[in-house]
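In my numbering, the protein residues as written are 50 to 321.
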């Protein structure tokens with residue numbers, strides 16, 4: 050989000066709830082200082098940082114009484130995040146949509162390894178969209194889960210209806226991680242994705258890839274609904290998403306399934 054849009058959405062959240070909520074700030078943004086100033090001025094209590102070195106800004110946020118959670122894709126960066134003073138870590142597996150790590154470590158492998166390496170709260174992300182997935186993450190060592198892709202296909206999501214419909218229609222294998230030379234990102238396969246693949250086959254340079262990517266490609270795809278030339282960022286779990294529902298119902302179904310699975314295991318009659 051641009052600074053003015055971020056401020057607008059923070060104000061909307063404050064008007065909608067008295068409970069604390071988090072704001073995600075990718076640290077690679079050039080206007081990072083302006084974004085952090087907005088977060089502080091608006092009294093946000095929780096910030097999730099990502100895509101950058103947490104040691105650069107964690108101390109600054111904590112000086113303003115903000116709880117800091119950092120997103121990582123490897124054990125090495127989880128340890129660095131802890132050493133920088135963050136309050137918790139999100140470990141995001143290779144399955145996740147959007148910007149991703151280069152290590153290609155899946156959630157099933159990443160969560161137990163990170164859990165063994167740090168002693169601060171761990172949140173699992175990547176490939177989680179159901180109560181069963183949530184329970185699996187907890188068993189592997191997480192204290193909570195972060196879910197993104199499932200909420201793209203919600204009635205309240207601000208993304209374009211074209212994108213929502215494409216997510217619902219997607220199947221296994223319809224996403225792929227690409228553009229590792231720039232910033233790794235998992236996308237639905239479309240005309241733009243095919244063009245990137247063609248450039249790779251021609252041995253394109255980093256500069257050529259960057260030029261073809263251009264600017265605002267994600268906005269074009271996800272928010273303007275251009276399914277041909279836009280970036281369509283979504284996780285592998287989209288193959289399991291087959292309906293657009295109200296956010297409240299999605300949360301209720303995830304929690305209900307999570308509790309049902311626990312009850313079934315206790316009774317010794319868990320069924321797939």
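We put the CB at the ideal spot given by N, CA and C, even for glycine.
This structure is a prediction, so every number in the text was calculated from the model and none was measured.
Beta-carbon spacing of residue i, residue j below 7 Å
{"i": "residue 287", "j": "residue 216", "result": "yes"}
{"i": "residue 99", "j": "residue 120", "result": "yes"}
{"i": "residue 191", "j": "residue 160", "result": "yes"}
{"i": "residue 145", "j": "residue 284", "result": "yes"}
{"i": "residue 147", "j": "residue 282", "result": "yes"}
{"i": "residue 213", "j": "residue 293", "result": "yes"}
{"i": "residue 176", "j": "residue 156", "result": "yes"}
{"i": "residue 166", "j": "residue 138", "result": "no"}
{"i": "residue 270", "j": "residue 256", "result": "no"}
{"i": "residue 307", "j": "residue 184", "result": "yes"}
{"i": "residue 89", "j": "residue 113", "result": "yes"}
For residue j and residue i, the rounded distance between their alpha carbons
{"i": "residue 162", "j": "residue 171", "result": "11 Å"}
{"i": "residue 136", "j": "residue 193", "result": "14 Å"}
{"i": "residue 173", "j": "residue 250", "result": "35 Å"}
{"i": "residue 92", "j": "residue 116", "result": "12 Å"}
{"i": "residue 248", "j": "residue 205", "result": "36 Å"}
{"i": "residue 164", "j": "residue 127", "result": "9 Å"}
{"i": "residue 328", "j": "residue 109", "result": "Residue 328 falls outside the range modelled here, since the chain spans only 50 to 321, and no answer is possible."}
{"i": "residue 62", "j": "residue 141", "result": "25 Å"}
{"i": "residue 186", "j": "residue 85", "result": "31 Å"}
{"i": "residue 223", "j": "residue 188", "result": "28 Å"}
{"i": "residue 67", "j": "residue 56", "result": "17 Å"}
Limits of the beta strand (DSSP E) - the one that residue i falls within
{"i": "residue 155", "result": "That residue, residue 155, is in no beta strand (DSSP E); it is neither H nor E in DSSP."}
{"i": "residue 99", "result": "95-99"}
{"i": "residue 74", "result": "71-75"}
{"i": "residue 195", "result": "193-195"}
Residue i - DSSP class collapsed to helix/strand/coil
{"i": "residue 209", "result": "coil"}
{"i": "residue 66", "result": "coil"}
{"i": "residue 294", "result": "strand"}
{"i": "residue 262", "result": "helix"}
{"i": "residue 147", "result": "strand"}
{"i": "residue 202", "result": "coil"}
{"i": "residue 174", "result": "strand"}
{"i": "residue 55", "result": "helix"}
{"i": "residue 225", "result": "strand"}
Residue range of the alpha helix (DSSP H) that includes residue i
{"i": "residue 235", "result": "First-last for residue 235: 234-237, but that is the beta strand (DSSP E), not the alpha helix (DSSP H)."}
{"i": "residue 180", "result": "180-188"}
{"i": "residue 135", "result": "Element bounds for residue 135: n/a, residue is neither H nor E."}
{"i": "residue 110", "result": "107-112"}
{"i": "residue 86", "result": "81-90"}
Cutoff 6 Å; reference residue i; Cβ partners in own chain excluding five residues on either side
{"i": "residue 97", "result": "71, 73, 118"}
{"i": "residue 242", "result": "236"}
Proximal residues to residue i (C-beta, below 8 Å), its chain only, five neighbours per side dropped
{"i": "residue 277", "result": "239, 240, 241"}
{"i": "residue 76", "result": "98, 99, 100, 101, 102, 103, 105, 106"}
{"i": "residue 297", "result": "none"}
{"i": "residue 228", "result": "234, 245, 258, 262"}
{"i": "residue 274", "result": "209, 210, 211, 212"}
{"i": "residue 291", "result": "217"}
{"i": "residue 69", "result": "94, 95"}
7 Å Cβ shell around residue i - same chain, five flanking residues per side excluded
{"i": "residue 196", "result": "177, 178"}
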